[in-house]
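Enquirer: Here it is, the structure, as structure tokens.
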Amino acid sequence: MEQLTWVADQLVMSSGWELIALVLALVYLMLAAHQRQWCWLAAAVSCTIYALIFWQAKLYMESLLQVIYIALAGYGWWQWQHKDDAAQSTGFKFSWRWHLRQWLWLTPLAIAIALALQQFTDADAVWLDTFTTCFSLLATWLIAQKAFETWWYWLIIDTAYVYLYWSKGFVATALLFVLYVVLVIYAMYRWRRDQHTELVTEA
1 MEQLTWVADQ LVMSSGWELI ALVLALVYLM LAAHQRQWCW LAAAVSCTIY ALIFWQAKLY
61 MESLLQVIYI ALAGYGWWQW QHKDDAAQST GFKFSWRWHL RQWLWLTPLA IAIALALQQF
121 TDADAVWLDT FTTCFSLLAT WLIAQKAFET WWYWLIIDTA YVYLYWSKGF VATALLFVLY
181 VVLVIYAMYR WRRDQHTELV TEA
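Heads up: the sequence shown at position 66 corresponds to 66 in the UniProt record's numbering, and the numbers run straight through without jumps.
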């Protein structure tokens, strides 16, 4: 009971802007699960708010990630609108070898960035912050391609974010990512069902 009371108190203490960003982030994921193009607009607004919040919290990589997300939201909007026919397949689009190649360059890149932040800035939680940032960019690009494997990335990344944001005192955002984990599983179900429906229709 005391734990629940503490969580409720933390939610009340959360800034109004954080709660707005939280709601828009949930809207984004729900729309993405249903493959609705408006998800990208919700994402762009949510990320703009979070970029400012994280910068103030000295989570510089997370703040930079939000800025890049805004650009990727524009790309995702364009991709889903102008290449809709080519993007209807929601199955696996890339082989495990392709993913392995991405890990082989993203991992040393993340290590180099984390070491630089640790050495030259006052950034906090640099290792988890940097690795989640780098792999979130890959996962976001994959969702713009409507590649089903994006959800496996998000399942791991969002679980890591729960710990990161909770440890930084962003209780509302940490709880958001708990919901994200649940919604990612729902999105996997929806995309698989949509793929099965497409195959039945084509047959």
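Each residue gets a CB set at the ideal place from its N, CA and C atoms; glycine is no exception.
Can you tell me whether DSSP reads leucine 31 as helix, strand or coil?
Expert: Along the sequence shown, read from residue 1 onward, the residue named residue 31 stands at position 31. Correct three-state label for leucine 31: helix.
Enquirer: Among residues of its own chain, excluding the 5 on either side of alanine 8, which ones have a beta-carbon nearer than 6 angstroms to its beta-carbon?
Expert: Along the sequence shown, read from residue 1 onward, the residue named residue 8 stands at position 8. The pLDDT assigned to alanine 8 is 47, lower than 50, so where the model puts this residue is not dependable; a value taken from the coordinates is nonetheless given after this. There are no such residues.
Enquirer: Would you check if there are 3 or more beta carbon pairs closer than 8 angstroms linking the stretch 124–140 to the stretch 22–41?
Expert: Taking 8 angstroms as the limit for Cβ pairs, the verdict is that the stretch 22–41 does not touch the stretch 124–140.
Enquirer: Return the residue from the list Leu59, Lys58, Glu62 and Ala73 that minimises the CA-CA distance to leucine 32.
Expert: The count along the sequence shown starts at 1 and reaches residue 32 at position 32. This sequence places alanine at residue 32; leucine is not what is there. Checked all of Leu59, Lys58, Glu62 and Ala73; the closest Cα to alanine 32 is Ala73.
Enquirer: Counting pairs of beta carbons, one from the stretch 90–106 and one from the stretch 163–183, are three or more of them closer than 8 angstroms?
Expert: Verdict: no, contact absent.
Enquirer: Could you give the C-beta distance for alanine 160 and threonine 132, rounded to a whole number, given that I count them as a contact under 8 angstroms?
Expert: Counting from 1 along the sequence shown, the entry for residue 160 is found at position 160. Counting from 1 along the sequence shown, the entry for residue 132 is found at position 132. Contact holds; Cβ gap of about 5 angstroms.
Enquirer: Can you round the beta-carbon distance between aspartate 129 and leucine 59 to whole angstroms, since I take them to be within the 8 angstroms contact cut?
Expert: Residue 129 sits at position 129 when you count from the first residue of the sequence shown. Residue 59 sits at position 59 when you count from the first residue of the sequence shown. 6 angstroms between Cβ atoms; contact.
Enquirer: Just tell me which of Val45, Ile68 and Ile185 has its CA closest to the CA of glutamate 149.
Expert: Your numbering for residue 149 matches position 149 in the sequence shown. Answer by Cα proximity: Ile185.
Enquirer: Compare the C-alpha of tyrosine 69 against each of Ala125, Gln118, Gln35 and Trp40 and name the closest.
Expert: Here residue 69 refers to the residue found at position 69 when the sequence shown is read from its first residue. Measuring from the Cα of tyrosine 69, the nearest candidate turns out to be Trp40.
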